[in-house]
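What follows is one structure encoded as structure tokens, with my remarks underneath.
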Amino acid sequence: MPELPEVETVVRTLESKIENKEIIQVRVLWPGIIEGSAAAFSKRLEGQHFRIFSRRGKYLLFYMDDVLLVSHLRMEGKYYLQNDDEPVSKHIHVIFQFKNHQQLRYSDTRKFGRMTLLAKDTDLLHFHNLGPEPFSDAFNANDVYRYCHSRKTPLKSVLLDQSFVAGIGNIYADEICFACHIRPGRSCAGLTHRECEMIVSETRRILQEAIAAGGTTIRTYTSSLGVTGRFQLKCMVHEQKHCRICGSDIKMKRIGGRSSYYCSNCQK
DNA sequence: ACACTGACCTGCGAGC
DNA sequence: TGCTCGCAGGTCAGTG
């Protein structure tokens, strides 16, 4: 499941492969991926070049000449750079044709991902009600403390709430809770200021390490263009059987509709 | 205003 | 062996 580190990896990989390439044609094989009219989407992108590559939360941002292409991979979205004579697998839903017979292909087994076109000057600070980026000053212990004390939801649910902080998904939410020695189901209302400081610093540390490792490859997720992350080797609790610190059995519980892994000995 | 649930999808594994 | 069923997950619309 692509979370912030995976999206960051995809953005940087694509930047190195397709920067300044011109789209000469777009084929949408599954219109549900495109928000709005697929025909208008395709027409608008013809003749546009991939200029600047960026990210906001889990959204990929491609600044073209006159338009902003926003892509969300959701669970299984991937990009591949292939030649146009290679067979098109059944999970390819959007094809961007370049010159020299190259194609950028969007693959998505579950068809959950979305693409949309926006004006280049769209305000991304308030885009989809997204909260602060984890590495920005806007994500800090004082604001986290204030936010948490105005509600009673489990810490895990808060970490997954994209309007709280942008980019954290199920895997990293479990890892952050573990690193802070807090059970994912604990109400965020009772967090101390010291714990909020720890949530901020551990979130940054874990995401930074995951980016350095090229993201996480777990279940069906591999990042684009054959790049495989290595962060799953460092997961302390997510999908683990035994705690890597104390050896206790890792417990699994559904919190906010998500499977959540924790060590009942190390996390209070 | 906040919190929870279901829909969107398909592949996979468990159970019969 | 072959079938059905439930689960996985991010986001948003709908409901309480």
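Per the working numbering, the first sequence starts with residue 129, numbered consecutively.
Note that CB positions come from ideal geometry on N, CA and C, so glycine has one too.
Just so it is clear, the structure is predicted and the values come from calculations on it, not from any experiment.
Nearest C-alpha to L197 among I223, D213, M243 and Y234: M243. When the five nearest sequence neighbours on each side are left out, the beta carbons in the same chain lying within less than 6 angstroms of the beta carbon of R311 are those of Y390 and Q395, in order along the chain. If you draw a 10 Å sphere on the C-beta of N270, you find fewer than 16 other C-beta atoms in it, and that means exposed. V286: member of the alpha helix (DSSP H) spanning L283 to L288, first to last residue. Residue pairing from DSSP leaves G259 without any beta-bridge partner. Uninterrupted alpha helix (DSSP H) stretches at least 4 residues long and entirely within the segment 129-205 occur at 132-146 and 166-173, given in chain order. Note: N211 is bridge-paired with Q230 in the DSSP secondary-structure output.
Runs of the alpha helix (DSSP H) spanning 4 or more residues and lying entirely within the segment 306-348 occur at 321-340, in chain order.
Close CB contacts of H229 within its chain, under the 6 angstroms cut and outside five residues either way in sequence, are with N211 and D212 (chain order). Per DSSP, the beta bridge partners of Y389 are M380.
Excluding sequence positions up to five before and after E325, its CB lies within less than 7 angstroms of the CB of A269, all in the same chain and listed in chain order.
Spanning the alpha carbons of I378 and A167 requires a straight line of approximately 49 angstroms. Rounded to whole angstroms, the gap between the alpha carbons of F306 and N298 is 13 angstroms.
Taking 8 angstroms as the upper bound for CB-CB distance, R172 and L245 are in contact here, some 6 angstroms apart. Taking 8 angstroms as the upper bound for CB-CB distance, S291 and G259 are in contact here, some 5 angstroms apart. T320 has its alpha-carbon roughly 47 angstroms from the corresponding atom of H221. When secondary structure is reduced to three states using DSSP, I296 falls in the coil class, being assigned neither helix nor strand.
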